[in-house]
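Here our numbering is used: the first residue of the sequence shown is 28, the next is one more, and so on. What follows is one structure encoded as structure tokens, with my remarks underneath.
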Amino acid sequence: EDYVEIDMNKSEEQTNKILDKPFVIQDFADIKEPLDAIRDGNIIGLLNIAPLREKDIHELKRSLNKIKKTCQALDGDIAGFGEDWVVITPSFARVFRQGSESLSDSEQI
28 EDYVEIDMNK SEEQTNKILD KPFVIQDFAD IKEPLDAIRD GNIIGLLNIA PLREKDIHEL
88 KRSLNKIKKT CQALDGDIAG FGEDWVVITP SFARVFRQGS ESLSDSEQI
């Protein structure tokens with residue numbers, strides 16, 4: 028009879044999942060990992076910018092400019108929520124903004 032060989036190291040179900048991953052940004056060099064993650068296309072990054080904001084506001088602005096430019100180049104999205112968090116997404120996802128977009132009845136949670 029025929030049989031099917033299954034690769035136990037990587038299943039198809041695992042490769043199709045989207046991950047939300049938190050990152051802590053303490054200096055400019057820390058933005059490399061979340062930017063690489065959204066370039067890969069299956070991670071939505073949640074960036075805690077509080078440590079950098081408390082340390083050096085100019086470095087924070089530089090970091091956010093780099094993150095914003097990269098998101099735009101990848102056709103992704105970026106949005107801040109609260110004073111301490113920024114969310115970045117790859118091209119397949121958008122961040123809901125109150126007032127600028129409205130969800131249809133079927134899309135509301």
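Even glycine gets a Cβ: it sits at the ideal position worked out from N, Cα and C.
Note on geometry: alpha-carbon atoms of residue 115 and residue 73 lie some 7 angstroms from one another.
With 16 or more other Cβ atoms inside 10 Å of its own Cβ, residue 90 counts as buried. When the beta-carbon positions are compared, residue 70 and residue 101 stay at least 8 angstroms from each other.
Of the residues 111, 104 and 107, the one whose Cα lies closest to the Cα of residue 82 is 111. Rounded to the nearest angstrom, the gap between the Cα atoms of residue 86 and residue 55 is 7 angstroms. Counting only residues of its own chain and dropping the five nearest sequence neighbours on each side, residue 124 has no CB closer than 6 angstroms to any other CB.
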